[in-house]
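Enquirer: Dropping the structure in here first, questions after.
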Amino acid sequence: MEVSMKKRGIRIRKGLYIVLWMGTLFSLILCLGIAFGFFTKEKIVTKKVEKEVQVVPDNYLFLGDSLTDYFDLETYFPGQPVVNSGIAGNTTDQILASMKTRVYDYNPSKIFLLIGTNDLRDGKSQEAVVQNVEKIIEEIQTNRKQAEIFVESLYPVNGSVSSAVGVRSNEAIQNINAQLEKYCKKKNLTYIDMYSKLQDEQGNLQTQYTVDGLHLSDEGYQIVAGVLQEYMK
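Using this note's numbering, read the sequence shown as starting at 993 and increasing by one per residue.
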């Protein structure tokens, strides 16, 4: 009986050791997973920062959100000193908070600005969008006086293609564009009406120019590149 109890105790202790060992192993794996995720994230962030500080002398900088980020500038403007400073998902507030790394560090000679549609996604008023775009322009003029600024109209959307459009509406976009055009005339800036080049008869983004009603297809970017080429000389 005593021997049996001893054997039982030994088995219990062995079981506890196994449980403790497995718990330690699980904790180690979990820590390694978190560390791997952290360093992976750091690598991604570092890669983005590296992109932001690659300076090309006398460059043409494109500043904006995903519509700019996904624009393959080197393909459409071969041999031109183009720099893509677009980041998908960006709003006017985010650009205002990162002007140094997004604009000033490049010291561009020309800046093509396209921003605002994600502000509408987030519920920002039309007036607030216009005010922020004006702030971006004014900050550039203060800190990079030599840079020539080109303000693109916001592009039309097409809600019938997919749900990607969200709460954005062409009515709001056109109202913002009208205010931006008026501001550019007042400040003697170049306003580029891209809306009319991309719209269909109903004022929506033409289906062949988009992949989801919001972002452009290759055909859409060809239209945009053709218009912008005039200002790249």
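Here a beta-carbon is modelled for each residue, glycine too, at the ideal position from N, C-alpha and C. Here the structure is a predicted model, which means the values were calculated and not measured.
Return helix, strand or coil for Q1072, following the three-state DSSP convention.
Expert: In the structure shown, Q1072 sits in coil (DSSP, three-state: anything other than H, G, I, E or B).
Enquirer: Going by other Cβ atoms of all chains shown within 10 Å of its Cβ, with 16 needed for buried, is V1159 buried or exposed?
Expert: With fewer than 16 other Cβ atoms within 10 Å, it is exposed.
Enquirer: Determine the closest residue to E1173 out of S1161, Y1187 and N1162, with distance taken between C-alpha atoms.
Expert: Among S1161, Y1187 and N1162, the Cα nearest to that of E1173 is on Y1187.
Enquirer: With a Cβ-Cβ cutoff of 7 Å, do N1110 and T1093 count as a contact?
Expert: Taking 7 Å as the Cβ cut-off, N1110 and T1093 do not qualify as a contacting pair.
Enquirer: From the DSSP secondary-structure annotation, give me the bridge partner or partners of G1081.
Expert: Its beta-bridge partners do not exist; DSSP assigns none.
Enquirer: For N1076, which residues in the same chain have their Cβ closer than 6 Å to its Cβ, ignoring the five residues on either side in sequence?
Expert: Only F1054 and L1065 meet the Cβ criterion.
Enquirer: Within a Cβ cutoff of 6 Å, which residues of the same chain sit near V1121, ignoring the five residues on either side of it in sequence?
Expert: Excluding positions up to five away in sequence, the list reads G1108, D1111 and I1168.
Enquirer: Could you check where the beta strand (DSSP E) with T1182 kicks off and where it finishes?
Expert: Taken as a continuous stretch (DSSP letters only), the beta strand (DSSP E) holding T1182 covers T1182 to I1184.
Enquirer: DSSP state of Q1200, grouped into three classes?
Expert: Q1200 falls in the helix class under three-state DSSP.
Enquirer: Grab the span of the alpha helix (DSSP H) containing K1102 for me, first residue to last.
Expert: Here K1102 belongs to no alpha helix (DSSP H); instead the beta strand (DSSP E) covers K1102 to L1106.
Enquirer: Can you list, in chain order, the stretches of the alpha helix (DSSP H) that have 4 or more residues and sit fully within the region 1132-1179?
Expert: Qualifying alpha helix (DSSP H) stretches, in chain order: 1162-1179.
Enquirer: Opposite L1055 in the DSSP bridges: which residues?
Expert: Beta-bridge pairing links L1055 to S1077 and L1105.
Enquirer: Please report the straight-line C-alpha distance between Q1123 and T1067, rounded to a whole angstrom.
Expert: Rounded to whole angstroms, Q1123 to T1067 spans 33 Å at the Cα level.
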